[in-house]
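The sequence shown begins at 3 in our numbering and counts up one residue at a time.
Ideal Cβ positions, reconstructed from N, Cα and C, are used throughout, including at glycine.
The structure appears below as structure tokens.
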Amino acid sequence: AAMKALCEDGMVLRVGISLRLPDHVPQLSESDAALLGRVAEVLRNAGLRPPVIGELAKALEMEQAQLVEFVERATRLGHLVRVAKNRYFLPEAMSALADIAAKLSRESEHGMFDAAAYRDRSGIGRNVTIELLEFMDRVRITRYAGGKRRIVV
């Protein structure tokens, strides 16, 4: 409740699932910024179906452990969104995916939709769909009840 009040008063900003002071602008090192550019290119080219971390490391021709360290830093700074243990999205992709959920909710009876409807509308596979919907439940974009979800935000 206290953090919500600080956010509403503008004393703290919510960026994705992170919080920061309004005048704090986190920055990547020069080498991390270059790597983020490469990661972002691979993720953009994948559209709404980003590769798992092992495939991403292979595409970037780098060691997986080194990439994991980087994506964790980039996630803390809000440049990436960790949806599952091994899958990361760009914030703009997550926004588009949340918009799909919101549209499904608006168009559905009682504002509820199921995983199959989300999968069909988004065009992504079943496994990624489940990872995304469970992530949206965790960060309270959606709420799961009785086999269906509704938008919370």
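- Task: Report the residue from Leu135, Gly39, Gly148 and Glu111 whose alpha carbon sits nearest the alpha carbon of alanine 86.
- Result: Leu135
- Query: Just curious, the beta strand (DSSP E) that lysine 150 is in, first and last residue?
  - Reply: 150–153
- Message: Across the region 65–72 and the region 108–123, are there enough close Cβ pairs to call them in contact, namely three or more that are closer than 8 Å?
- Response: no
- Consult DSSP for arginine 89 and reduce its assignment to one of helix, strand or coil. strand
- With a cut-off of 8 Å, do at least 3 Cβ pairs link the region 110–126 to the region 46–61? yes
- Task: With DSSP as the reference, label arginine 145 as helix, strand or coil.
- Result: strand
- Message: So threonine 131 and alanine 147 are supposed to be a Cβ contact under 8 Å. How far apart are they, rounded?
- Response: Their Cβ separation, rounded to whole angstroms, is 18 Å, which puts threonine 131 and alanine 147 out of contact at 8 Å.
- Message: Let me see if you follow: with CB-CB separation under 9 Å, is glycine 127 close to chain D or not?
- Response: The displayed structure is made up of one protein chain only, and chain D is not part of it.
- Query: Under a three-way DSSP split, which group does arginine 51 fall into?
  - Reply: coil
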